[in-house]
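S.K.: Using numbering that gives the first Met the number 0, the letters of the sequence shown correspond one by one to residues 0 to 494. Built from N, CA and C at the ideal position, the CB exists for glycine as well. Predicted, not measured: the structure shown is a model, and the values here were computed from it. Before I ask anything, here is the structure I am working with.
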Amino acid sequence: MQTELRVFNTLSRKKEKFESISKDHVGMYVCGPTVYSDVHLGNVRTFLSFDIVYRYLIHLGYKVRYVRNITDVGHLVNDADEGEDKIAKKAKLDNLEPMEVVQKYTNGFHDVLKQFNLIPPSIEPSATGHIVEQIEMVKELIQKGFAYEVNGSVYFDVNKYDKDHNYGKLSGRILEELMASERALDAQDEKRNKVDFAIWKKASEEHIMRWPSPWGEGFPGWHLECTVMSTKYLGEQFDIHGGGMDLKFPHHECEIAQSVGAYGKEPAKYWLHTNMLTVNGQKMSKSLNNSFLPHELFSGSHALLDQPYSPMTVRFFILQSHYSSTLDFSNEALGAAKKGYKKLINGLRIVKELKYTTDGAEINDKQVTEINKIIDNCSNAMNDDFNTAKTIAQLFNLLKKINSIYVGQLKFDEIGEALFAKMKTTFIEFIEKVLGLEEEKVSNQDKLLQTLIFLYKQAKFKKDYGKVDEIRASLKENGIILKDMKDKVDWAYEE
Ligand code: AMP
Ligand code: ZN
């Protein structure tokens, strides 16, 4: 029985009881996208996993401040300190202003997440909107002796930090091994050590994204923005820090070092990392050319897809696995998810319509115990580190009971009015609020109208004027009028 929320903390590598730092207020920070390209389904899996965390904490009654940033500067092409800025590179390639690239892909990111029914975060700060704060933090780290300036760039001194702290504690890296394995790159000559990372970079002449600073014109390092923005909006210590597993190192490891260096505190109490969406066992990634864009899934236009899949089918598919397991894409799994989703949504429609009616049956203790147990298990499953896969299995168990009532096999009075109401609320609340699954209405208006027009013409032919008036009136109620033309029947929106 998992009656309280437990989360797997990737820092301690243990499942821990969740206790928020402030009694009823939770601070959660999730690393957002680097907005230089369309988000693929792998990215969606990660953001969707944190949407579940957010939704469930709200369901438990917490007030949550959820901060998810937009990386719009500082993330370099090779994810380390070398190469072009991803946004600047794309801007040059497409002959756009860097901020045009940022806006375009930020809009796309929002559209995609909306289609998958993700709740927007409470604050969505961007790195370029926090340059002043980042410069302040660089100053602070220099002053505390954890960073040094060389030729207009400022680096974090990992070796110095590691003397009193443990650099590598999150990712399990050992500094000596890292130092031995790091590739020697040209510009690393100016670093004291190969493992040091840039918190401020001098902008070369051709670099277009640049700001004045005490060290000359430059731009912030990628890892710095998250430390600065999480601290600004959630404080020096907050509850949950999340992101995909591939961000553990170096990004999150560096965030810990920056926070401990500047404030003497680790930033987050619980670190949550999502596992990867894979295709034939390989991580889905733009650079590996195995990624689908959401619109390709909805249209079925990608070569690897057998058919189109709707946003809710895909949401269901993702939720059918626990966020910490890998999830492999396959048409079979998506096909099964399509069926599963429809089954659950049909249940939702039934349960919303079902009204308790006394039928004089005796109370059935066995049924009462079973239903109560399933209801408890829905919470237990979510309390077990947000296990959506187990939760869905429990919802299907509840659906069996709902269907029994629907077909009259199980009588209302066998379970009683209070339990019926509890069952109904649990089913609706878990599907809609906790899992964020919603009914996708069929929107083939034209086809449905043609069917009605056909029935209208038939009724006219048979001189069934009662039916003719009925069809007209019912369509009018929905803002549509039928027009009897010389050789056909047409329709128009009522003006
Ligand atoms: P990016 O914009 O590349 O920094 O990625 C945004 C988020 O998506 C990060 O948290 C990544 O860890 C995550 N991510 C990238 N690829 C995948 C994948 N194949 N499966 C799950 N999450 C991913
Ligand atoms: Zn981050």
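Given this structure, state the Cα-to-Cα distance separating G511 from M98, to the nearest angstrom.
M.R.: Here the chain comprises residues numbered 0 to 494, so residue 511 is not present and cannot be evaluated.
S.K.: Taking only heavy atoms of ligand 2 into account, decide whether any of them is closer than 7 Å to the Cβ of H301.
M.R.: In the sequence shown, the residue the question calls residue 301 occupies position 302. Answer for H301: no, Cβ out of range of ligand 2.
S.K.: Going by C-alpha to C-alpha distance, which of V111, I57, P124 sits closest to N68?
M.R.: By one-based count along the sequence shown, residue 68 stands at place 69. Checking every option, the nearest Cα to that of N68 belongs to P124.
S.K.: If we require 4 or more residues per run, which alpha helix (DSSP H) segments fall completely within the region 111 to 143?
M.R.: List check, alpha helix (DSSP H) in window: 130 to 142.
S.K.: Does DSSP put H39 in a helix, in a strand, or in coil?
M.R.: Residue numbering aside, residue 39 sits at position 40 when the sequence shown is read from its first letter. Coil.
S.K.: Using a 10 Å radius around the Cβ and a threshold of 16 neighbouring Cβ atoms, would you call D23 buried or exposed?
M.R.: Stepping through the sequence shown from its first residue, residue 23 is reached at position 24. Exposed, by the Cβ-count rule.
S.K.: Secondary structure at Y492, three-state DSSP: helix, strand or coil?
M.R.: The residue you call residue 492 lines up with position 493 of the sequence shown. Correct three-state label for Y492: strand.
S.K.: With DSSP as the reference, label F385 as helix, strand or coil.
M.R.: In the sequence shown, the residue the question calls residue 385 occupies position 386. Three-state result, F385: coil.
S.K.: Does Q281 pass the burial test, meaning 16 or more other C-beta atoms within 10 Å, or should it be called exposed?
M.R.: Within the sequence shown, numbered from 1, the residue matching residue 281 stands at position 282. Label assigned to Q281: exposed.
S.K.: How far does the beta strand (DSSP E) with A267 in it reach, from first residue to last?
M.R.: Here residue 267 refers to the residue found at position 268 of the sequence shown. Note, A267: beta strand (DSSP E), 267 to 273.
S.K.: Is the Cβ-Cβ distance between A267 and D238 less than 8 Å?
M.R.: Position 268 of the sequence shown holds residue 267. Position 239 of the sequence shown holds residue 238. Yes. Within cutoff.
S.K.: Following a CB-centred definition, is C253 positioned closer than 7 Å to any heavy atom of ligand 2?
M.R.: On the sequence shown, residue 253 is found 254 positions in, with the first residue counted as 1. Answer for C253: no, Cβ out of range of ligand 2.
S.K.: Give a single yes or no on whether G242 has its beta carbon closer than 7 Å to a heavy atom of ligand 2.
M.R.: As a first step, residue 242 must be located in the sequence shown, where it is residue number 243. Yes, the Cβ of G242 comes within 7 Å of a heavy atom of ligand 2.
S.K.: Counting along the chain, where does the beta strand (DSSP E) carrying P293 start and finish?
M.R.: In the sequence shown, the residue the question calls residue 293 occupies position 294. Counting along the chain, P293 falls outside any beta strand (DSSP E), though it belongs to the alpha helix (DSSP H) covering 293 to 298.
S.K.: I'd like to confirm the pairing. Which residues does DSSP put opposite W199 in its beta bridges?
M.R.: Along the sequence shown, one-based indexing puts residue 199 at 200. In the DSSP output, where bridge partners are listed per residue, W199 has V153, P219.
S.K.: Quick one: is the Cβ of H272 within less than 7 Å of any heavy atom of ligand 2?
M.R.: The residue you call residue 272 lines up with position 273 of the sequence shown. Not under cutoff, so the answer is no.
S.K.: Does the region 296 to 307 touch the region 416 to 433, meaning 3 or more C-beta pairs lie closer than 8 Å?
M.R.: No, the region 416 to 433 does not touch the region 296 to 307.
S.K.: Quick one: give me the first and last residue of the beta strand (DSSP E) that I480 is part of.
M.R.: Reading the sequence shown from its first residue, position 481 is the one you call residue 480. Element bounds for I480: 479 to 483.
S.K.: Helix, strand or coil for T356, going by three-state DSSP, please let me know.
M.R.: Here the question's residue 356 lines up with position 357 in the sequence shown. Coil, per DSSP.
S.K.: Taking buried to mean at least 16 other C-beta atoms within 10 Å of its own C-beta, is Q444 buried or exposed?
M.R.: Against the sequence shown, residue 444 aligns to sequence position 445. Under this definition Q444 is an exposed residue.
S.K.: Less than 7 Å between the CB of H250 and some heavy atom of ligand 2, yes or no?
M.R.: Here the question's residue 250 lines up with position 251 in the sequence shown. At least one heavy atom of ligand 2 is nearer than 7 Å to the Cβ of H250, so yes.
S.K.: Give the DSSP bridge partners of W210, in chain order.
M.R.: Counted from its first residue, the sequence shown places residue 210 at position 211. According to DSSP, W210 bridges with G217.
S.K.: Going by CA-CA distance only, name the one from K62, I134, F145 that's closest to W210.
M.R.: The residue you call residue 210 lines up with position 211 of the sequence shown. Selected option, being the one with the closest Cα: I134.
S.K.: Compute the distance between the beta-carbons of E252 and L318, then report whether it is under 8 Å.
M.R.: The sequence position of residue 252 within the sequence shown is 253, counting from 1. The sequence position of residue 318 within the sequence shown is 319, counting from 1. No, these two residues do not count as a Cβ contact at 8 Å.
S.K.: Report yes if the C-beta of C377 is less than 7 Å from at least one heavy atom of ligand 2; otherwise report no.
M.R.: Position 378 of the sequence shown, counted from the start, is the residue given in the question as residue 377. Not so, every heavy atom of ligand 2 lies at least 7 Å from the Cβ.
S.K.: Can you list the alpha helix (DSSP H) stretches of 4 or more residues lying completely in the region 386 to 429, in chain order?
M.R.: You should have 387 to 405, 411 to 414, 416 to 427.
S.K.: Sort out for me which residues DSSP pairs T70 with in a bridge.
M.R.: Taking the first residue of the sequence shown as position 1, residue 70 is located at position 71. Note: T70 sits in a beta bridge opposite T33.
S.K.: Roughly how many whole angstroms lie between the Cα atoms of A472 and K466?
M.R.: Sequence index remark: in the sequence shown, residue 472 carries index 473 (1-based). Sequence index remark: in the sequence shown, residue 466 carries index 467 (1-based). Distance between the alpha carbons of A472 and K466: 10 Å.
S.K.: Can you tell me where the alpha helix (DSSP H) holding T9 begins and where it ends?
M.R.: By one-based count along the sequence shown, residue 9 stands at place 10. No alpha helix (DSSP H) contains T9, which DSSP labels as neither H nor E.
S.K.: How about L246: is its Cβ closer than 7 Å to a heavy atom in ligand 1?
M.R.: Here the question's residue 246 lines up with position 247 in the sequence shown. L246: yes, Cβ under 7 Å from ligand 1.
S.K.: K201 and S258: beta carbons closer than 8 Å?
M.R.: Position 202 of the sequence shown, counted from the first residue, corresponds to residue 201. Position 259 of the sequence shown, counted from the first residue, corresponds to residue 258. Against a cut-off of 8 Å, the Cβ pair of S258 and K201 comes out as no contact.
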